[in-house]
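Taking it in order: structure first as structure tokens, then the write-up.
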């Protein structure tokens, strides 16, 4: 079932997105001269909970959809950085929260048909504010502390549009026996 890659050519290379064109041979011998793959770095996100069980979320503008969205803290792993450390760093940079007990909740992919990366979702219980935000130049991130009911309502009302954040939250609530 696996395809044979006959040729690869990079059409676009940037830190956040690389576009590759592959010439592939299918198991039946058919050759497709143009199959496109989007290469992205590893993605991470965090379901961060305070000692009181409140959710530490972020609110920011999302240019792709042109919306302001409340989401999980998320980002990309730097080259050579393991997903857990990337998630800890992103939470600290975007929210100023850290510490707590961390566990891996899920590993998902956005679109395995055309993307090559994975998204790691962690649960961090007992996080506390330990620093000020340290944002990138393009980030305007507001920290929001929400209770469980508010986050649940966001899910059931489809207010959380990012699928790679909604899926881990659905799993989180399912493991708690909710939903």
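In this note's numbering, the protein residues as written are -10 to 168.
Cβ atoms here follow ideal geometry from the backbone N, Cα and C, with glycine treated the same way.
| Item | Value |
| --- | --- |
| Going by C-alpha to C-alpha distance, which of 1, 5, -9 sits closest to residue 18? | -9 |
| Return the CA-CA distance between residue 156 and residue 165, expressed in angstroms with no decimal places. | 14 Å |
| By a C-beta neighbour count over all protein chains shown, 10 Å radius and 16 as the cutoff for buried, is residue 32 buried or exposed? | buried |
| Excluding five sequence neighbours on each side, which residues of the same chain lie with their C-beta closer than 8 Å to the C-beta of residue 81? | 87, 119, 120, 123 |
| Nearest-angstrom Cα distance between residue 117 and residue 131? | 16 Å |
| Give the DSSP-derived three-state secondary structure of residue 157 in the structure shown. | helix |
| Find the nearest neighbour of residue 52 within the set 128, 27, 158, 153, judged by alpha-carbon distance. | 128 |
| Excluding sequence positions up to five away, which residues of its chain have a Cβ less than 6 Å from the Cβ of residue 34? | 61, 63, 110, 154 |
| Do residue 94 and residue 112 have their C-beta atoms closer together than 9 Å? | yes |
| According to DSSP, is residue 143 part of a helix, a strand, or is it coil? | helix |
| Less than 7 Å between C-beta atoms, sequence neighbours within five positions excluded: which residues of the same chain meet that for residue 136? | 43 |
| For residue 126 and residue 96, I'd like the C-alpha separation in whole angstroms. | 29 Å |
| Quick one: Cα of residue 134 to Cα of residue 39, how far? | 9 Å |
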